[in-house]
Amino acid sequence: MQKLLTRVETVNSLLCVGLDPTGDDAQATQRLREVIAETAPYAAAFKPNLAFFLSRENGVAMLRDTVRSIPQDIPVILDGKFGDIANTAEQYARFAYDIVGADAVTVNPYMGDDTIRPFARPGKMVFSLAKTSNKPLHGLQDAAMTRGGSISDWAARLARLMDEELTESTIGLVVGATEPAAVAKVRAACPAQWFLVPGIGAQGGDLAATLRAGLRADGSGLLINSSRGIWQAKDAGAAARELQAQINEFRAVTSPTHA
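Residues 162 to 420 in my numbering are what the sequence shown spells out, letter by letter.
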């Protein structure tokens with residue numbers, strides 16, 4: 162968490178650069194180098210997506226090399242959406258932290274706190290799925306519970322309770338930008354936690370509405386992720402710089418601290 166806070170303050174950025182490598186291995190390796198080098202001055206974090214690496218024969222080696230190439234002062238969030246029971250989750254945590262070298266992970270809490278605890282190591286950060294950016298025809302997150310609220314509401318509450326309990330690690334939330342009203346609802350329930358926010362760009366999320374809904378009073382608390390929008394840009398650095406500036410413009414408008 163301190164690494165993230167230091168980075169956010171140092172570069173005045175809430176931008177998370179997603180790394181979803183496409184093309185053959187040679188093309189992907191070259192583009193990864195370019196994107197990391199060009200966007201590092203503007204990135205609060207990098208988020209390699211595990212699936213885009215595991216789909217390659219040498220994917221784990223490519224992922225490890227990618228993480229090692231990222232400047233050490235920039236947090237790396239391994240987007241694996243891990244979600245298995247405790248003894249299996251422990252192995253996934255070992256892979257993410259000890260093999261890959263990530264600072265944080267994304268986790269699917271469907272099986273409960275068992276899926277989260279193994280990743281909550283001291284000095285590490287976990288982003289637990291609450292309200293995702295996809296819009297499935299038959300989804301679970303909006304299903305109502307007999308105790309009141311939806312499954313996504315409970316997922317957010319579970320993460321908040323664990324964040325309060327686990328003092329040596331930090332539990333944040335994944336909250337998609339495609340439904341700003343849902344961002345506002347989760348922020349009201351979890352006023353202090355950090356949100357990893359996918360859905361800006363290719364998925365059509367509204368940046369301004371998301372920032373209004375999710376920023377904390379101190380002008381932080383959100384990591385706005387862009388993957389395809391930066392990866393596919395002719396100039397990745399310019400795309401990152403522009404999005405960072407847009408985020409900061411709305412931070413200044415939205416947050417009394419930055420007014």
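We put the CB at the ideal spot given by N, CA and C, even for glycine.
Given the structure is predicted, the values throughout are model-derived calculations rather than measurements.
Out of the options, state which residue places its alpha-carbon closest to the alpha-carbon of residue i.
i           : options            : result
residue 404 : 170, 169, 178, 168 : 178
residue 256 : 233, 236, 224      : 224
residue 358 : 164, 349, 344, 378 : 344
residue 400 : 207, 391, 353      : 391
residue 319 : 338, 183, 367, 269 : 269
residue 170 : 249, 380, 360      : 380
residue 260 : 226, 163, 243      : 226
residue 352 : 238, 376, 368      : 376
residue 220 : 167, 202, 182      : 182
Between residue i and residue j, which are expected to be in contact by the criterion C-beta below 8 Å, what is the C-beta distance as a whole number of angstroms?
i           : j           : result
residue 279 : residue 251 : 4 Å
residue 411 : residue 383 : The Cβ separation is near 10 Å, so there is no contact.
residue 235 : residue 214 : Not confirmed; about 18 Å, so no contact.
residue 366 : residue 337 : 7 Å
DSSP puts residue i in a beta bridge; with which residues?
i           : result
residue 179 : 208
residue 259 : For residue 259, which the question treats as bridged, DSSP gives no partner whatsoever.
residue 267 : 288
residue 238 : 265
residue 366 : 361
Helix, strand or coil, according to DSSP, for residue i in the structure here?
i           : result
residue 275 : helix
residue 417 : With a pLDDT of 44 at residue 417, under the threshold of 50, the predicted position of this residue should be treated as unreliable, and no value is reported.
residue 410 : helix
residue 184 : coil
residue 327 : coil
residue 164 : helix
residue 298 : Because residue 298 sits at a pLDDT of 41, beneath the cut-off of 50, its placement in the model cannot be relied upon, and the point is left open.
residue 401 : helix
residue 117 : The chain is shown only over 162 to 420; residue 117 falls outside these bounds and no answer can be derived.
residue 172 : helix
residue 246 : coil
Under 8 Å between the Cβ atoms of residue i and residue j?
i           : j           : result
residue 422 : residue 286 : One cannot answer for residue 422 here, as it falls past the ends of the chain, which runs 162 to 420.
residue 348 : residue 370 : no
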